[in-house]
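Enquirer: If you number the first sequence the way the numbering used here does, the last residue is 663 and the count never jumps. Using N, Cα and C, we set each Cβ at its ideal position, and we do this for glycine too. Quick one: this structure, given as structure tokens, is what I'll be asking you about.
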Amino acid sequence: MNFYSSLIAQCAHTKSVTTLRAVHSHIIKSGSSYLLLGHKLIHGYIKCGCLADARNLFDEMPKRHIVTWNSMISSHVNHGKSKEAVELHSSMLVEGVLPDAYTFSAIFKAFSEMGLLCSGQRAHGLAVVLGLEVLDGFVATAIVGMYAKFGKMKDARFVFDRVLDKDVVLCTALIVGYAQHGLDRLALEVYKGMVDRGIKPNEYTLASILISCGNLVDLVNGQLIHSLVIKSGLESVVASQTSLLTMYSRCSMVEDSIKVFNQLAFASQVTWTSFIVGLVQNGREEVAVSIFREMIRCSVSPNPFTLSSVLQACSSLAMLELGEQIHAINVKIGVDGNKYAGAALINLYGKCGNVDKARSVFDVLTDLDVVSINSMIYAFAQNGFGCEALQLFERMKKLGHQPNGVTFISILLACNNAGLVEEGCQIFSSIRNNHNIELTREHFACMIDLLGRSRRLEEAAMLIEEVRNPDVVLWRTLLNACRIHGEVKMAEKIMRKVLELAPEDGGTHILLTNLYASAGKWKHVIEMKSTIRDLKLRKNPAMSWVDVDRKIHTFMAGDLSHPNAQEILEMLHELIEKVKTLGYNPDTTFVLQDLDEEKKMSSLSYHSEKLAIAFALWKTGGRTTSIRIFKNLRVCGDCHSWIKLVSLLTGREIIARDAKRFHHFKGGHCSCKDYW
DNA sequence: GTAGGGTTAG
């Protein structure tokens, strides 16, 4: 018997499973009783990490000791098998074995991981009855940790306060709970209390309290803790360094977080990620991208946190190509079902006009939530896919996800961009009846735009009256609607309002100038232009750019300085003549200058988007099926009808992003259905 | 013969 015992102990120590299994079968053959050796074998299997072997043997045991129950439960919790741990715990109670302090210290974590609050509360009750709740520090910590995970901080605090012999681990558990639920002042208070009582914080405590300092943008305390980290000799501990980085970047001290990162001896996956996250949050996207590349070079694999963050950077920088590479990484490391990385990818593809790709990312997400669904609705909305947005909106409700304020902004934008006026009105009134959603300025802006553009100007104006302190953006939205419908009188009235709010706003002056110009009121145009000059307001020059063979080519209206200007002009004139045979008739009302008809015509021909498209068609020959152009202002009506015909003529898909939205031109039609 | 706490996200 002793011989077997020492053999098992040796196997457990060296973690040699094969030998352990051999010893196990030897014991069976020898006919020895399991009563004593079985427990030893189970512990051996657990030490080797073979929970399945341990469980099989455990189930065969005629009598099971509390120590073995505890080991079985805690090892399952530690291996992320909380479901099995909870089941074991129930069978233990059914067999009439009372839990002890060891059982409790393990089982509460399993309850919180399984989201079983009621079971946790029942177990807490039992711990009270057995007198183990606050007398044993381990048990108290486990209970505090469980309530903290459920966000029940009052319950956590209630248990904490009654523990007489508090130690650093118990205090840290409470601090972490507060920090993770935004109760950072309470976290600091507990921290101060523990220090006053002479309990020395360790790396776990400092890592958490730094996060609270960051959340509070409390640089003073943050720096104080930083010096404590150094004094305690914890500089080489990764977690405290990670928290330091995060603290500095939340306090907008990017340079300090870069300094911490550069001084690190070792960076874990989480450290790299935290650094990248901080850089993106502080608008340092380029640096974030280069750090990400370095992380990959150092063979540190990214996780969904990293990927979603660097994808955000790609979105801001419109780096579609890098985004596509990251998409490939998502698939490769098997996180393409992750909602965080997925939502970031959907945002990127949506922003770059690739709705099909956004949709294919969305379709493989495993765990949908409101935010990831919102991303997809927004991608549809941005690109004028109104019906698809509405369908998804219906589906989300059927799946039991409550739409939030962002959902409604996206869905109203979808209605707006697709000209779905009635649907938009219906949804808007449904938000009014839904008391869970607070109507914001953005909802009103969308609705005013929708009504205004469909010529329901009075209704739009009434809506503005409902907004408390309406801002320039709202008035300007209405002003733009007046411009579209040539409502000069109303526009002048609104103009006065706008100039009260923002007397030197350039955009407003330009809007009114354009309105006068399209109504042919050239006298007023001249007056406005001199006002604009006096105010030193400059209109942004119209500009388009196109990415051909990974190089960006920029075009300004009438600007023929491109090295290939000759070829571009030839292509442009050829296109114009060809689309004329398809019915294109240059519409000079879009020329906002008082020129004669012929000059107007040539000014129209050299709009920046026409130049960019002509260039892309010439440069790519027949190589690509789609062309993507970007414009800083809105695409004009003449160019819009011209591009539609060019898409028909050349059989290419032309995707244009203007200042407001996407236009997908294909086979002579545009996704905006001529409503924008 | 067993046990408790940490850092990254729209």
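Helix, strand or coil for Arg51 per DSSP?
Expert: As a first step, residue 51 is located in the first sequence; it is residue number 64 there, counting from the start. Note: Arg51 maps to coil in three-state DSSP.
Enquirer: Pick helix, strand or coil for Thr541, following the three-state DSSP scheme.
Expert: Counting from 1 along the first sequence, the entry for residue 541 is found at position 554. Strand at Thr541.
Enquirer: Which whole-angstrom value is the C-beta distance of Ile94 and His111, which I expect to be below 8 Å?
Expert: Position 107 of the first sequence, counting from 1, holds the residue named residue 94. Position 124 of the first sequence, counting from 1, holds the residue named residue 111. No, Ile94 and His111 are not in contact; Cβ-Cβ is about 10 Å, not under 8 Å.
Enquirer: What does the alpha-carbon distance come out to for the pair Asn467 and Phe145?
Expert: As a working mapping, residue 467 is identified with position 480 in the first sequence. As a working mapping, residue 145 is identified with position 158 in the first sequence. Cα to Cα, Asn467 sits roughly 58 Å from Phe145.
Enquirer: Can you pull the DSSP bridge partners for Asp123?
Expert: Position 136 of the first sequence, counting from 1, holds the residue named residue 123. Bridge partners of Asp123: none, in fact.
Enquirer: Nearest-angstrom Cα distance between Ile396 and Ser416?
Expert: The sequence position of residue 396 within the first sequence is 409, counting from 1. The sequence position of residue 416 within the first sequence is 429, counting from 1. Near 13 Å, if we compare the C-alpha coordinates of Ser416 and Ile396.
Enquirer: State the Cα-Cα distance for the pair His549 and Leu598, rounded to the nearest angstrom.
Expert: One-based indexing of the first sequence puts residue 549 at position 562. One-based indexing of the first sequence puts residue 598 at position 611. Computed Cα separation, rounded: 10 Å.
Enquirer: How far does the alpha helix (DSSP H) with His650 in it extend, from its first residue to its last?
Expert: By one-based count along the first sequence, residue 650 stands at place 663. Per DSSP, His650 belongs to no alpha helix (DSSP H); it is in the beta strand (DSSP E), Phe649 to Lys653.
Enquirer: How would you label His656, buried or exposed, when you count the other beta carbons within 10 angstroms and need 16 or more for buried?
Expert: Residue 656 sits at position 669 when you count from the first residue of the first sequence. The residue in question, His656, is exposed, as its Cβ has fewer than 16 Cβ neighbours within 10 Å.
Enquirer: Do you know offhand how far Gly118's Cα is from Met59's?
Expert: Start at 1 with the first residue of the first sequence, and residue 118 comes out as number 131. Start at 1 with the first residue of the first sequence, and residue 59 comes out as number 72. Answer to the nearest angstrom: the Cα atoms are 23 Å apart.
Enquirer: Name the residue from Thr258, Lys647 and Ile614 whose alpha carbon lies nearest to the alpha carbon of Cys623.
Expert: Working through the first sequence from its first residue, we reach residue 623 at position 636. Residue Lys647 is the option with its Cα nearest to Cys623.
Enquirer: Check whether the Cβ atoms of Cys374 and Leu399 sit closer than 7 Å, and answer yes or no.
Expert: As a working note, residue 374 is residue 387 in the first sequence. As a working note, residue 399 is residue 412 in the first sequence. Contact: no.
Enquirer: So Val126 packs on Ser92, CB below 8 Å; how close in whole Å?
Expert: If you number the first sequence from 1, residue 126 lands on position 139. If you number the first sequence from 1, residue 92 lands on position 105. Yes, Val126 and Ser92 are in contact; Cβ-Cβ is about 6 Å, under 8 Å.
Enquirer: Provide the residue span of the alpha helix (DSSP H) that contains Ser214, from first to last.
Expert: Mapped onto the first sequence, residue 214 falls at position 227. Note, Ser214: alpha helix (DSSP H), Leu206 to Lys218.
Enquirer: In angstroms with no decimal places, state the Cα-to-Cα distance between Leu352 and Ala305.
Expert: Mapped onto the first sequence, residue 352 falls at position 365. Mapped onto the first sequence, residue 305 falls at position 318. When rounded, the distance between both Cα atoms is 23 Å.
Enquirer: Taking C-beta to C-beta, are Ile616 and Ser531 nearer than 7 Å?
Expert: Residue mapping note: residue 616 aligns to position 629 of the first sequence, counting from 1. Residue mapping note: residue 531 aligns to position 544 of the first sequence, counting from 1. It is a contact, given that the beta carbons lie within the stated cut-off.
Enquirer: If you drop the 5 nearest sequence neighbours on each side, which residues of the same chain put their C-beta closer than 8 Å to that of His63?
Expert: Along the first sequence, one-based indexing puts residue 63 at 76. Excluding positions up to five away in sequence, the list reads Leu38, Ser69, Glu71, Ala72, Leu75 and Ala97.
Enquirer: Taking a contact to mean a Cβ-Cβ separation below 7 Å, would you say Thr128 touches Leu103 in this structure?
Expert: Translated into the one-based positions of the first sequence, residue 128 becomes position 141. Translated into the one-based positions of the first sequence, residue 103 becomes position 116. Contact: no.
Enquirer: Determine, using beta-carbon pairs with one atom in the segment 538 to 545 and one in the segment 557 to 576, whether at least three such pairs fall under 8 Å.
Expert: The segment 538 to 545 is not in contact with the segment 557 to 576.
Enquirer: Based on Cα-Cα distance, which residue from Gly138, Lys139, Cys105 and Thr90 lies nearest to Glu120?
Expert: Position 133 of the first sequence, counted from the first residue, corresponds to residue 120. Comparing Cα positions, the closest option is Thr90.
Enquirer: Pull up the distance between the alpha-carbon of Asn675 and that of Gly371, whole angstroms please.
Expert: A query on residue 675 cannot be resolved here, the shown segment of the chain reaching from -12 to 663 and no further.
Enquirer: Going residue by residue through the segment 526 to 606, where are the continuous alpha helix (DSSP H) segments of at least 4 residues, counting only ones entirely within it?
Expert: DSSP runs (the alpha helix (DSSP H)) wholly in the segment 526 to 606: 552 to 568 and 584 to 592.
Enquirer: Do you know offhand how far Pro86's Cα is from Thr260's?
Expert: To locate residue 86, count along the first sequence from 1; it is residue 99. To locate residue 260, count along the first sequence from 1; it is residue 273. So the two alpha carbons sit approximately 41 Å from each other.
Enquirer: Taking the alpha carbon of Asn361 as the point to measure from, which residue in Lys344, Asp343, Asn57 and Gly337 has its own alpha carbon closest?
Expert: What you label residue 361 is simply residue 374 of the first sequence in a count that begins at 1. For the residues Lys344, Asp343, Asn57 and Gly337, the minimum Cα distance to Asn361 belongs to Gly337.
Enquirer: Where DSSP assigns a beta bridge to Glu640, which residues make up the other side?
Expert: On the first sequence, position 653 is the one that residue 640 refers to. Per DSSP, Ser613.
Enquirer: Return the chain-ordered list of same chain residues with a C-beta closer than 6 Å to the C-beta of Lys2, the five sequence neighbours on each side being excluded.
Expert: The residue given as residue 2 occupies position 15 in the first sequence. Same-chain partners within the cutoff: Cys35.
Enquirer: Measure the Cβ-Cβ separation of Ala529 and Leu502 and say whether it is below 7 Å.
Expert: For the purposes of this step, residue 529 is identified with residue 542 of the first sequence, where counting begins at 1. For the purposes of this step, residue 502 is identified with residue 515 of the first sequence, where counting begins at 1. No, the pair does not count as a contact, with Cβ atoms beyond the cut-off.
Enquirer: Helix or strand or just coil, what does DSSP make of Lys136?
Expert: Your numbering for residue 136 matches position 149 in the first sequence. In the structure shown, Lys136 sits in a helix (DSSP, three-state: H, G or I).
Enquirer: From this set, Phe45, Phe367 and Ser99, which residue's C-alpha is nearest Thr342's C-alpha?
Expert: Counting from 1 along the first sequence, the entry for residue 342 is found at position 355. Reading off the sequence shown, one finds Val at residue 342, where the question assumed Thr. Of the listed residues, the one whose Cα sits closest to Val342 is Phe367.
Enquirer: Compare the C-alpha of Leu232 against each of Asn420, Lys218, Gly220 and Ser195 and name the closest.
Expert: Residue numbering aside, residue 232 sits at position 245 when the first sequence is read from its first letter. The option with the nearest alpha carbon to Leu232 is Ser195.
Enquirer: Pick from Trp509, Asp458, Glu453 and Asp546: whose alpha carbon is nearest that of Val485?
Expert: On the first sequence, position 498 is the one that residue 485 refers to. Cα-wise, what sits closest to Val485 is Asp458.
Enquirer: Using the three-state DSSP reduction, which class does His656 fall into: helix, strand or coil?
Expert: Position 669 of the first sequence, counting from 1, holds the residue named residue 656. Three-state result, His656: strand.
Enquirer: Which residues does DSSP list as the beta-bridge partners of Lys618?
Expert: Your numbering for residue 618 matches position 631 in the first sequence. According to DSSP, Lys618 bridges with Ser531.
Enquirer: Quick one: what does DSSP say Glu222 is sitting in, helix, strand or coil?
Expert: Here residue 222 refers to the residue found at position 235 when the first sequence is read from its first residue. Coil.
Enquirer: Specify the secondary structure class of Val84 as computed by DSSP and reduced to three states.
Expert: Translated into the one-based positions of the first sequence, residue 84 becomes position 97. Three-state DSSP puts Val84 in coil, outside helix and strand.
Enquirer: Confirm, please, whether the CB-CB distance from Leu298 to Ile313 is below 7 Å.
Expert: For this step, residue 313 is matched to residue 326 along the first sequence. For this step, residue 298 is matched to residue 311 along the first sequence. Taking 7 Å as the Cβ cut-off, Ile313 and Leu298 qualify as a contacting pair.
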